[in-house]
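Here's the structure we're looking at; comments come further down.
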Amino acid sequence: MNKVACLLLVLFQSVFLLAQNNETSVEEKSIVYFTRASGLGALINFTYFDGEKVIGKFNGPKYIRYECSPGKHLFWARSENKSFVHAELKAGEIYIIDVVPRMGGIKASVKLVPVDRANYKLKRIQKLLSKRASETFDENQLVELQTEMSDVITRGMERYNKLIEKGKAIPMLEPEMVVNEEDLVFVKKTKK
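In this note's numbering, the protein residues as written are 23 to 214.
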């Protein structure tokens, strides 16, 4: 019995030490939820980027929980158009970018909206997060998407640079636009 207890103790300590030696802990990262709560244009894929890095692609009402380094980012999404958001993220904080599909004839466009919980209705986002798990992509899928999207990335960065040259305003996800875990949960109101 003592050997088993010692073995378990050594195993537990090893796992604990390995977890501490991980490159960066969750507290040192920022978390951004890209939420597509609307069913509008449900069959049309949107591809999501952090600068020149692909972070996912999906259709319909779904979301990505994206962990990244704090600091400045250029997030964007692509459909028939491209929508950009500048972000300045703090370590250990959670943010939301709402992905709003728009239909115009047979074409679908995307609009990224930085969420400020003080003046943004979160109910649809909360319902989405409560019903579904985050979309996930393994390293192979992301490498394949990165290769597939190389021309799209080049054109996207060109489009972004033209917008900046023309002085167009790019929405900003400010460092203080954080949400907490409770903001992510849908709570059905009870009648009194």
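Glycine included, each C-beta is placed from N, C-alpha and C at the ideal position. Predicted, not measured: the structure shown is a model, and the values here were computed from it.
Pairwise C-alpha distance: residue j and residue i
| i | j | result |
| --- | --- | --- |
| D205 | S156 | 16 Å |
| D72 | V209 | 31 Å |
| D173 | E203 | 37 Å |
| E198 | P92 | 13 Å |
| G78 | F159 | 7 Å |
| R124 | Y85 | 17 Å |
| D138 | A59 | 16 Å |
| R181 | E50 | 32 Å |
| V175 | L164 | One point to set straight first is that residue 175 is Ile, not Val, in the sequence displayed. Roughly 14 Å between the two C-alpha positions. |
| A140 | F97 | 22 Å |
| R154 | V122 | 18 Å |
| T169 | N183 | 22 Å |
| E74 | A109 | 15 Å |
| E161 | I186 | 32 Å |
Cβ pair residue i, residue j closer than 7 Å
| i | j | result |
| --- | --- | --- |
| I119 | E89 | no |
| Y117 | R87 | no |
| A107 | L167 | Sequence check: residue 107 is Val here, not Ala. Result no, Cβ atoms of V107 and L167 do not sit closer than 7 Å. |
| L134 | A99 | yes |
| T69 | I147 | no |
| P193 | P136 | yes |
| K104 | G178 | yes |
Burial state of residue i (16 or more Cβ within 10 Å)
| i | result |
| --- | --- |
| K143 | exposed |
| L111 | buried |
| A64 | exposed |
| V201 | buried |
| A191 | exposed |
| V207 | exposed |
Residue from the options with nearest C-alpha to residue i
| i | options | result |
| --- | --- | --- |
| A130 | V200, L62 and K51 | L62 |
| K94 | L195, N81 and R181 | L195 |
| V132 | E49, N67 and L96 | N67 |
| S101 | N81, K145, A109 and A191 | N81 |
| K215 | K149, E74 and M171 | Past the edges of the chain, shown from 23 to 214, lies residue 215, and the structure says nothing about it. |
Could you tell me which uninterrupted beta strand (DSSP E) segments, each at least 3 residues in length, are contained entirely in the stretch 41–92, listed from first to last along the chain?
-> Those beta strand (DSSP E) runs which fall completely within the stretch 41–92 and span 3+ residues are 52–58, 68–72, 75–80 and 84–90.
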